[in-house]
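Visitor: Numbering (the working numbering), first residue to last: 406 to 759. Each residue gets a CB set at the ideal place from its N, CA and C atoms; glycine is no exception.
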Amino acid sequence: MKRRIGLLTAGGDCPGLNACIRGVARASYELFDAEIVGIADGYSGLIQGDFQELSRRDFSGILTRGGTILGTRRTPFRDMRVIGDDKVNKVAQMKDTYRELRLDCLVCLGGNGTHKTANLLSEEGLNIIGLPKTIDNDIWGTDVTFGFHTACNIATDVIDRIHSTAESHGRVMVVELMGNKAGWLTLQSGIAGGADVVLLPEIPYDVEKVAAACEARLRSKKSFTIIAVAEGALSKEEAAMKKKERVNENPYRTVAYRVAEGIQKLTGMETRAVIPGHIQRGGSPCPYDRVLSTRLGVMAAELIKEGKYGVSVALKGDTVVANPLAEVAGKTKMVPPDHELVRTAREIGITFGD
Ligand code: F6P
Numbered sequence: 406m407k408r409r410i411g412l413l414t415a416g417g418d419c420p421g422l423n424a425c426i427r428g429v430a431r432a433s434y435e436l437f438d439a440e441i442v443g444i445a446d447g448y449s450g451l452i453q454g455d456f457q458e459l460s461r462r463d464f465s466g467i468l469t470r471g472g473t474i475l476g477t478r479r480t481p482f483r484d485m486r487v488i489g490d491d492k493v494n495k496v497a498q499m500k501d502t503y504r505e506l507r508l509d510c511l512v513c514l515g516g517n518g519t520h521k522t523a524n525l526l527s528e529e530g531l532n533i534i535g536l537p538k539t540i541d542n543d544i545w546g547t548d549v550t551f552g553f554h555t556a557c558n559i560a561t562d563v564i565d566r567i568h569s570t571a572e573s574h575g576r577v578m579v580v581e582l583m584g585n586k587a588g589w590l591t592l593q594s595g596i597a598g599g600a601d602v603v604l605l606p607e608i609p610y611d612v613e614k615v616a617a618a619c620e621a622r623l624r625s626k627k628s629f630t631i632i633a634v635a636e637g638a639l640s641k642e643e644a645a646m647k648k649k650e651r652v653n654e655n656p657y658r659t660v661a662y663r664v665a666e667g668i669q670k671l672t673g674m675e676t677r678a679v680i681p682g683h684i685q686r687g688g689s690p691c692p693y694d695r696v697l698s699t700r701l702g703v704m705a706a707e708l709i710k711e712g713k714y715g716v717s718v719a720l721k722g723d724t725v726v727a728n729p730l731a732e733v734a735g736k737t738k739m740v741p742p743d744h745e746l747v748r749t750a751r752e753i754g755i756t757f758g759d
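(1) Grab me the residues of Q593's own chain with a C-beta within less than 6 Å of its C-beta, minus the 5 sequence neighbours each way, in chain order.
(2) Given this structure, state the Cα-to-Cα distance separating S689 from K641, to the nearest angstrom.
(3) State the Cα-Cα distance for the pair L514 and D611, rounded to the nearest angstrom.
(4) State the Cα-Cα distance for the pair P797 and T473, rounded to the nearest angstrom.
(5) Are the beta-carbon atoms belonging to D543 and G516 less than 9 Å from one another?
(6) If you draw a straight line from the C-alpha of D484 to the C-alpha of R566, how long is it?
(7) So, are the CB atoms of N532 and L508 less than 9 Å apart?
(8) Can you tell me whether DSSP reads G428 as helix, strand or coil?
(9) Mark T570 as exposed unless 16 or more other C-beta atoms lie within 10 angstroms of its C-beta, in which case mark it buried.
(10) With a threshold of 8 Å, establish whether the CB of H632 neighbours any heavy atom of the ligand F6P.
(11) Leaving out five residues before and five after G443 in sequence, what residues of the same chain have Cβ atoms less than 7 Å from its Cβ?
(12) Reducing DSSP to helix, strand and coil, say where S640 ends up.
(13) Would you identify the three-state DSSP class for D438, choosing helix, strand or coil?
(14) Roughly how many angstroms lie between the CA atoms of T724 and E707, to the nearest whole one?
(15) State yes or no: is the C-beta of N558 nearer than 8 Å to some heavy atom of the ligand F6P?
(16) Let's test the definition: count the other Cβ atoms within 10 Å of the Cβ of R651 and tell me whether it reaches 16, buried, or not, exposed.
(17) Does the Cβ of E607 lie closer than 8 Å to at least one heavy atom of the ligand F6P?
(18) Quick one: does the C-beta of G516 sit closer than 8 Å to a heavy atom of the ligand F6P?
(19) Which value, in whole angstroms, describes the spacing of the CA atoms of G588 and T672?
(20) What would DSSP say about T756, mapped onto helix, strand or coil?
(21) Which of the three DSSP states is assigned to T724 in this structure?
(22) Ends of the beta strand (DSSP E) at A445?
(23) Judging by CA-CA distance, which residue of M578, D491 and I441 is the nearest neighbour of Q669?
(24) Using the beta-carbon count (16 or more within 10 Å), is R751 buried or exposed?
(25) A415 and G447 - do their beta-carbons sit closer together than 9 Å?
(26) On the premise that L590 lies in contact with I631, defined as a C-beta separation below 8 Å, what is that separation, rounded to the nearest angstrom?
(27) Kindly list the residues whose CB is nearer than 8 Å to the CB of Q377, restricted to its own chain and excluding five residues on each side of it in sequence; keep chain order.
(28) May I ask you to report which of helix, strand or coil DSSP gives Y693?
(29) Applying the 10 Å Cβ sphere with the 16-neighbour rule, what's the burial state of K626?
(30) Would you check whether the ligand F6P has a heavy atom nearer than 8 Å to the C-beta of G754?
(31) Within 10 Å of its beta-carbon, does E528 have 16 or more other beta-carbons around it, so buried, or fewer, so exposed?
(32) Report the CB separation of L468 from A424 in whole angstroms; it is logged as a contact under 8 Å.
(33) Is V739 near the ligand F6P, going by C-beta to nearest heavy atom under 8 Å?
(34) Do the CB positions of I410 and I709 come within less than 9 Å of each other?
(35) Let me know the secondary structure DSSP gives M646 once reduced to three states.
(36) Does any heavy atom of the ligand F6P sit closer than 8 Å to the C-beta of C419?
Next up, the structure:
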């Protein structure tokens, strides 16, 4: 049985993409007569017909490599059906490229936006399989996404390292972690790194309560406080506003700076903001992500062998499953404010500022 497979990685990169690509490729070569085409830079390459025939050698030595050998780009889903000044019909061109390449299926590795476009292409009649990558861990239908554990390790290391300098100076340190909509990374690494305050997009905070937590620590002879804040965390006032009303005149004055400024004003305690940023997405995947990426990639190859498309591979408990794309696309897995992890954190004294 021969199958021509297109592979693309879209959206923000993360550690584990190459391990997953390798998993798909190796299992495909093992399970059937596979021909693999790499599409460059996500859906942009599919639109522009930018691709490369790949061979076994291309998948060698990439298990531990960060980033993606295919390149990636953000091509927003909301623009997919919009014909702009360039007059390009993106959906039609993606379908043309798929047909010109004589693909039997297209495997799309990506996050929420990628899954929405994957579902669109599936509805348009293409054979699509999605694979869940993102350091945000916010894809509906999977317990874990690949990239998340590596990012947690990096973020935890940042929080660990901040402790000694915070303690030496007796400062409040506000560490801003990635996660615009969902706070999984901040919650997990906040607990793992022993943060005193955790601020999430799902639980609006009151800066006065955060300041009170810093002062309470001071009274109990803890001269420093570590705050882990997700980049999308909102104060109660901001959360009550419509998105358009939340004017931030200076885009570099991110939430960590706003929180730090508020605390310094309210408490007089010396406060610093720390933003590890894209370091959280960089470098080699941790062993957990290498294995998870491989398992999910291998499942994709098994699905191709069975001719089962229109699905996204996921981890449920300890089982790798395939969810219908239509069921997962367009939904975001947020942290439920009453989640057991939130309760656990509260019960060990972590403040959420609510
Ligand atoms: O979706 C992954 C993510 O790292 C988010 O946590 C973050 O908000 C966003 O990507 C950053 O995007 P970019 O790399 O385009 O700046």
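Guide: By the coordinates alone:
(1) Here residue 593 refers to the residue found at position 188 of the sequence shown. C557.
(2) The count along the sequence shown starts at 1 and reaches residue 689 at position 284. The count along the sequence shown starts at 1 and reaches residue 641 at position 236. Spanning the two alpha carbons is a distance of roughly 37 Å.
(3) By one-based count along the sequence shown, residue 514 stands at place 109. By one-based count along the sequence shown, residue 611 stands at place 206. Each residue's Cα considered, the two are about 38 Å apart.
(4) Any answer about residue 797 is impossible in this case: the structure gives the chain only from 406 up to 759.
(5) Position 138 of the sequence shown, counting from 1, holds the residue named residue 543. Position 111 of the sequence shown, counting from 1, holds the residue named residue 516. In this structure, G516 lies closer than 9 Å to D543 by Cβ.
(6) Sequence index remark: in the sequence shown, residue 484 carries index 79 (1-based). Sequence index remark: in the sequence shown, residue 566 carries index 161 (1-based). Distance between the alpha carbons of D484 and R566: 41 Å.
(7) Here the question's residue 532 lines up with position 127 in the sequence shown. Here the question's residue 508 lines up with position 103 in the sequence shown. Taking 9 Å as the Cβ cut-off, N532 and L508 qualify as a contacting pair.
(8) Locating residue 428 in the sequence shown gives position 23, where the first residue counts as 1. G428: helix per DSSP, three-state reduction.
(9) As a first step, residue 570 is located in the sequence shown; it is residue number 165 there, counting from the start. T570 should be labelled exposed.
(10) For the purposes of this step, residue 632 is taken as the residue at position 227 of the sequence shown. A small fix is needed here, since residue 632 is Ile in this sequence, not His. Incorrect: I632 has no Cβ contact closer than 8 Å to the ligand F6P.
(11) Translated into the one-based positions of the sequence shown, residue 443 becomes position 38. Excluding positions up to five away in sequence, the list reads L412, F456, Q457, L459 and L475.
(12) On the sequence shown, position 235 is the one that residue 640 refers to. Here S640 sits in strand by DSSP.
(13) Here residue 438 refers to the residue found at position 33 of the sequence shown. In this structure, D438 counts as strand in the three-state DSSP scheme.
(14) In the sequence shown, the residue the question calls residue 724 occupies position 319. In the sequence shown, the residue the question calls residue 707 occupies position 302. Cα to Cα, T724 sits roughly 14 Å from E707.
(15) Residue mapping note: residue 558 aligns to position 153 of the sequence shown, counting from 1. No, since every heavy atom of the ligand F6P falls outside the 8 Å radius drawn around the Cβ of N558.
(16) By 1-based counting over the sequence shown, the position of residue 651 is 246. R651 is exposed by the Cβ-count criterion.
(17) Position 202 of the sequence shown, counted from the first residue, corresponds to residue 607. Answer for E607: no, Cβ out of range of the ligand F6P.
(18) Residue numbering aside, residue 516 sits at position 111 when the sequence shown is read from its first letter. Result yes, Cβ under 8 Å from the ligand F6P.
(19) Residue 588 sits at position 183 when you count from the first residue of the sequence shown. Residue 672 sits at position 267 when you count from the first residue of the sequence shown. Each residue's Cα considered, the two are about 26 Å apart.
(20) Counted from its first residue, the sequence shown places residue 756 at position 351. Note: T756 maps to strand in three-state DSSP.
(21) On the sequence shown, residue 724 is found 319 positions in, with the first residue counted as 1. Three-state result, T724: strand.
(22) As a first step, residue 445 must be located in the sequence shown, where it is residue number 40. In the DSSP assignment, A445 falls outside any beta strand (DSSP E) and carries neither an H nor an E.
(23) Locating residue 669 in the sequence shown gives position 264, counting from the first residue. If we check each option's Cα against that of Q669, M578 comes out closest.
(24) What you label residue 751 is simply residue 346 of the sequence shown in a count that begins at 1. Exposed, because fewer than 16 other Cβ atoms sit within 10 Å of the Cβ of R751.
(25) One-based indexing of the sequence shown puts residue 447 at position 42. One-based indexing of the sequence shown puts residue 415 at position 10. Closer than 9 Å, so yes.
(26) Locating residue 631 in the sequence shown gives position 226, where the first residue counts as 1. Locating residue 590 in the sequence shown gives position 185, where the first residue counts as 1. About 16 Å separates the two Cβ atoms, so there is no contact after all.
(27) This structure gives no information on residue 377, because the portion of the chain shown stretches from 406 to 759.
(28) The residue you call residue 693 lines up with position 288 of the sequence shown. If DSSP states are grouped into helix, strand and coil, Y693 belongs with the helices.
(29) Translated into the one-based positions of the sequence shown, residue 626 becomes position 221. That one is exposed.
(30) Against the sequence shown, residue 754 aligns to sequence position 349. G754 Cβ: outside cutoff for every heavy atom of the ligand F6P.
(31) Against the sequence shown, residue 528 aligns to sequence position 123. By the 10 Å Cβ count, E528 comes out exposed.
(32) Counted from its first residue, the sequence shown places residue 468 at position 63. Counted from its first residue, the sequence shown places residue 424 at position 19. Confirmed, Cβ separation roughly 5 Å.
(33) On the sequence shown, position 334 is the one that residue 739 refers to. With the sequence shown as reference, residue 739 is identified as Met, and Val is not the correct amino acid for it. Because no heavy atom of the ligand F6P lies under 8 Å away, the Cβ of M739 does not count as near it: no.
(34) Stepping through the sequence shown from its first residue, residue 410 is reached at position 5. Stepping through the sequence shown from its first residue, residue 709 is reached at position 304. Yes, these two residues count as a Cβ contact at 9 Å.
(35) For the purposes of this step, residue 646 is taken as the residue at position 241 of the sequence shown. DSSP places M646 in coil when its eight states are reduced to three.
(36) The residue labelled residue 419 in the question sits at position 14 within the sequence shown. Under cutoff, so the answer is yes.
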